[in-house]
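These notes concern the structure reproduced below.
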Amino acid sequence: MKPLLAGRRGLILGVANKNSIAWATLKEASNHGAELGATCQNDRFFRRVSKLIEKDDLPETSLWVCDATQPEELDALFTHIEEELGGLDFILHGWAFAPPDALADDFIETSWEAFQTAQRISAHSLVEIARRARPLMAPGASIVTLSYLGSQRVMPGYNVMGVVKATLESSVRYLARDLGVDGIRVNALSPGPISTLSARGVPGFSKMLEAHADRAPLGRNVTHEEVAQAAVFLFSPMASAITGEIINVDAGYSIMGI
Ligand code: NAD
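The number in my numbering is simply the position in the sequence shown, starting from 1, with 1 added.
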């Protein structure tokens with residue numbers, strides 16, 4: 002297959018380990034010829050992901066620590082990008098977090114602190130990223146974030162993350178409008194459940210996997226690679242007229258009634 006991202010520079014936010022959707026996206030984008038930078042939340046993940054980069058022979062990939070709640074780390078990240086990549090053609094935003102208590106209790110028990118934390122890291126961080134990335138991006142650039150159907154339907158245990166994903170999806174539309182004048186596209190992928198560090202923190206996650214495989218028209222769950230391939234498509238010129246969209250990568254689960 003012709004490399005879709007040859008000569009393009011990308012930033013992949015939120016690699017925790019080899020199961021992260023961000024890691025699968027980094028590898029897929031690299032296979033498609035992109036020059037890449039990536040972030041980890043802290044030093045512990047940094048050490049782990051540095052080893053993955055070495056093992057998978059992706060030596061050209063720059064890796065930085067960046068915590069979404071630290072504005073100075075966000076500023077430093079974009080200084081590094083400007084110095085090391087010289088500009089940006091695409092971004093995968095793969096950051097999400099909600100305090101575990103907010104997922105364990107009923108949604109009605111959600112505290113303001115937990116609500117705020119989840120919104121800041123999982124939704125507002127996209128706005129922080131888009132604003133800083135804008136000056137480094139040229140027409141044709143693409144920003145992709147990751148949502149989930151819990152934004153529209155009640156998924157027991159997903160709770161505040163569902164509400165936050167609704168904010169994220171609406172933010173995609175507002176950002177697509179703001180950045181459209183610069184020719185920058187903003188979209189979200191909405192994958193079905195996939196086993197990752199964050200997903201395993203959702204109570205009843207294994208039941209979600211079973212229900213999804215049982216009810217999805219394709220009769221199975223989706224893979225990390227399938228989500229990564231959809232992201233590469235959205236990063237690429239093949240998706241040049243697609244912006245402001247939430248695209249399901251869910252083996253068809255979301256179309257089903259009963
Ligand atoms: P993951 O745990 O591998 O990735 C989540 C990332 O968010 C981690 O790298 C973590 O370090 C980072 N993060 C959390 N708090 C942060 C902070 N304060 N600052 C910076 N980074 C922070 O899990 P994943 O499933 O690959 O998640 C990636 C995205 O995909 C998330 O937005 C998630 O909601 C979304 N998603 C996942 C699934 C699924 O079933 N796995 C389904 C739909 C959507």
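Note that the Cβ used here is the ideal one computed from N, Cα and C, for glycine as well.
Judged by beta-carbon spacing, residue 29 lies within the 9 Å limit of residue 229, meaning their Cβ atoms are closer than that value.
In the DSSP assignment, residue 36 falls within the unbroken beta strand (DSSP E) covering 36-41.
For residue 44, there is no enclosing beta strand (DSSP E); the enclosing alpha helix (DSSP H) has its first and last residue at 44-56. Inclusion of residue 233 and residue 26 in the CB contact set at 9 Å is warranted, their separation being smaller than that value. Only residues of its own chain outside the window of five on either side were considered, and among them 186, 188, 235 have a CB closer than 8 Å to the CB of residue 243, listed in chain order. The continuous stretches of beta strand (DSSP E) do not include residue 96, and DSSP gives it neither H nor E. With respect to residue 63, residue 85 sits close: the two C-beta atoms are nearer than 9 Å.
Taking 9 Å as the cut-off, the beta carbon of residue 5 is found closer than this to the beta carbon of residue 237. The C-beta distance from residue 252 to residue 219 rounds to 4 Å, short enough to fall under 8 Å. Under a 10 Å Cβ-count criterion, residue 24 is classified as buried, with 16 or more other Cβ atoms of the shown protein chains found around its own Cβ.
Residue burial is scored here from C-beta neighbours: residue 198 has fewer than 16 other C-beta atoms within 10 angstroms and is therefore classed as exposed. For residue 14, DSSP records a beta bridge to 40, 94. The beta carbon of residue 181 lies closer than 7 Å to those of 244 in the same chain, with the five residues before and after it left out.
In the structure shown, residue 186 adopts extended strand secondary structure according to DSSP, grouped into three states.
DSSP places residue 138 in the strand class (E or B) of the three-state scheme.
Per the C-alpha coordinates, the member of 95, 118, 93 positioned closest to residue 101 is 118. Beta-bridge partners assigned by DSSP to residue 143: 91, 186.
Less than 9 Å divides the Cβ of residue 155 from the Cβ of residue 163.
Annotation: the continuous beta strand (DSSP E) that includes residue 66 extends over 63-66. DSSP places residue 249 inside the beta strand (DSSP E), whose first and last residues are 247-250. Residues 6, 9, 11 of the same chain have their beta carbon placed closer than 6 Å to that of residue 35, with the five preceding and five following residues left out of the count. Distance from the Cα of residue 16 is smallest, within the candidate group 140, 56, 207, 96, for 96.
Between the beta-carbon of residue 22 and that of residue 195 there is about 7 Å, and that keeps the pair under the 8 Å contact cut. Taking all protein chains in view, the Cβ of residue 71 is surrounded by fewer than 16 other Cβ atoms within 10 Å, so the residue is classified as exposed. Secondary structure of residue 196 (DSSP, three-state): coil.
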